[in-house]
Amino acid sequence: TFVIVSVLVAYLAMQWAAPRFDPESLKGARVLVTGASTGIGEQIAYHYARFGAQIIITARREKVLQQVAEKCLSLGAQKAFYIAADMASESDPDKVVDFALEKLGGLDYLVLNHIGPTPFGVWEGDVEHTRWLMKVNFFSYTQMAWRALPSLEQSKGSLVVVSSLLAKMTSPFTLPYTSTKFALNGFFGSLNHELAMKKSNVSISICTLGLIDTESAMEKVRFVKYIQAASTAQGQKRFYTHECIWMTIMPFNFKNMSIPGISFRNTAPKRLKMQ
Ligand code: NDP
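With mature numbering (1 follows the signal peptide of the UniProt record, and there is no 0) as the guide, the letters of the sequence shown map in order to residues -17 to -1, 1 to 258.
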């Protein structure tokens, strides 16, 4: 009985001491979300909008961004601006941060979320694509973070990096993507240490997501059966949960393209050379 009561008391004490989310803290918060024209980034923007934040969104497609910004306003955002940018460019990452600082007078949250499109299939030596993807998915993140850090420092702000289970474990078919996510976790995990050493005001969150049913992700895994994805609709409540079955089913057998428990539909892209 003593042990049970002690555990219960410890649990209640932890619950009491745990930081609580205060919705008011997001009212008027100055937020920049990248990759916000679609998918998870779009939903993140709407999420902040519902709490009355001031939002800047970016991606490449201007027309789509305009629609997302309008929806942000209709959901309750105090302000919503958009800027089209290509994160493969040397200058656009800085340009976007400067735009946000100019429009909002500073930043409280920088949410780095964008990814460039990449094929799902066996790697056939496309080094150029890997280099390009590194620029989009990794180097632009470091560039934007560096540009925004002074403002985040001032506002005791947060840097949010949207990463993946594939930053934690290797896997077939997504070599360039997996590499960029490993790089992100290595970089921002290490930066987190350095900020702590400097007693910085800025906090870093690295989000580890499993499969979420965005259009682009589902398109990639459409030929894999028995795969379960969390929904972006659930995302409002369960953003950090993941239900990614096939990641846990290893080892992968390259030779005959089978993962125990998973079979492939006949619609597999030719590049995969299915048997
Ligand atoms: P999407 O492919 O749906 O969205 C990608 C976004 O990035 C779009 O807004 C796209 O807009 C933008 N983008 C693409 N290329 C560029 C570029 N060169 N420059 C600037 N913006 C670009 O991705 P998801 O929503 O599925 O994923 C979002 C994040 O979540 C990513 O970091 C991903 O790694 C992570 N994640 C997703 C999982 C999933 O299952 N969905 C699982 C694990 C992690 P546009 O085309 O207009 O430029």
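For each residue, glycine too, the CB sits at the ideal point set by N, CA and C.
C-alpha gap between residue i and residue j, whole angstroms
{"i": "A(-1)", "j": "A(-8)", "result": "10 Å"}
{"i": "K10", "j": "A32", "result": "9 Å"}
{"i": "E226", "j": "K164", "result": "With a pLDDT of only 27 at E226, under 50, the local geometry of the prediction cannot be trusted, and the value read off the model is given with reservation. Approximately 19 Å between the Cα atoms of the pair."}
{"i": "L116", "j": "W106", "result": "14 Å"}
{"i": "T153", "j": "L192", "result": "15 Å"}
{"i": "N236", "j": "L95", "result": "Summary for N236: the model assigns pLDDT 31, below 50, so the residue's position carries little reliability; its value from the coordinates is reported in the next sentence. Approximately 34 Å, taken between the alpha carbons."}
{"i": "L174", "j": "F156", "result": "29 Å"}
{"i": "V14", "j": "I39", "result": "6 Å"}
{"i": "A19", "j": "C55", "result": "11 Å"}
{"i": "P133", "j": "L93", "result": "12 Å"}
{"i": "G108", "j": "R114", "result": "11 Å"}
{"i": "V185", "j": "F(-16)", "result": "41 Å"}
{"i": "L148", "j": "L142", "result": "19 Å"}
{"i": "G140", "j": "A12", "result": "10 Å"}
Nearest to residue i (by Cα), restricted to the options the options
{"i": "D77", "options": "L178, R130, L84 and L58", "result": "R130"}
{"i": "G99", "options": "K86, G108, S72 and G88", "result": "S72"}
{"i": "S199", "options": "V(-13), L(-10) and H97", "result": "H97"}
{"i": "M201", "options": "P102, L87, V94 and L56", "result": "P102"}
{"i": "S74", "options": "I38, I39 and V119", "result": "V119"}
{"i": "N168", "options": "L158, F121, I195 and S214", "result": "F121"}
{"i": "H112", "options": "I23, P159 and E85", "result": "P159"}
{"i": "F170", "options": "A60, F82, Y124 and F156", "result": "Y124"}
{"i": "L194", "options": "I187, S188, S186 and K203", "result": "K203"}
{"i": "residue 265", "options": "F34, L48 and A128", "result": "Look at the range of the chain in this structure, -17 to 258, and you will see that residue 265 is not part of it."}
{"i": "S146", "options": "D109, K181, L178 and I187", "result": "I187"}
{"i": "Q37", "options": "V16, I23 and V110", "result": "V16"}
{"i": "D196", "options": "M180, S214, R205 and A179", "result": "S214"}
{"i": "R205", "options": "M(-4), V(-11), G104 and T21", "result": "G104"}
Neighbourhood of residue i by C-beta, 7 Å cutoff - its chain only, sequence neighbours within 5 removed
{"i": "S183", "result": "E136"}
{"i": "S138", "result": "G89, L90 and D91"}
{"i": "Q126", "result": "P76 and D77"}
{"i": "Q49", "result": "Y65"}
Neighbourhood of residue i by C-beta distance below 6 Å, restricted to the same chain and skipping five residues each side
{"i": "V(-13)", "result": "none"}
{"i": "V80", "result": "M127, R130 and A131"}
Close-in-space but distant-in-sequence residues of the same chain around residue i (CB under 8 Å, 5 per side omitted)
{"i": "K151", "result": "N168 and T191"}
With a cut-off of 8 Å, do at least 3 Cβ pairs link the region 63 to 72 to the region 42 to 53? yes
Assess contact between the region 18 to 28 and the region 1 to 9, defined as three or more Cβ pairs (one per stretch) separated by less than 8 Å. Is contact present? no
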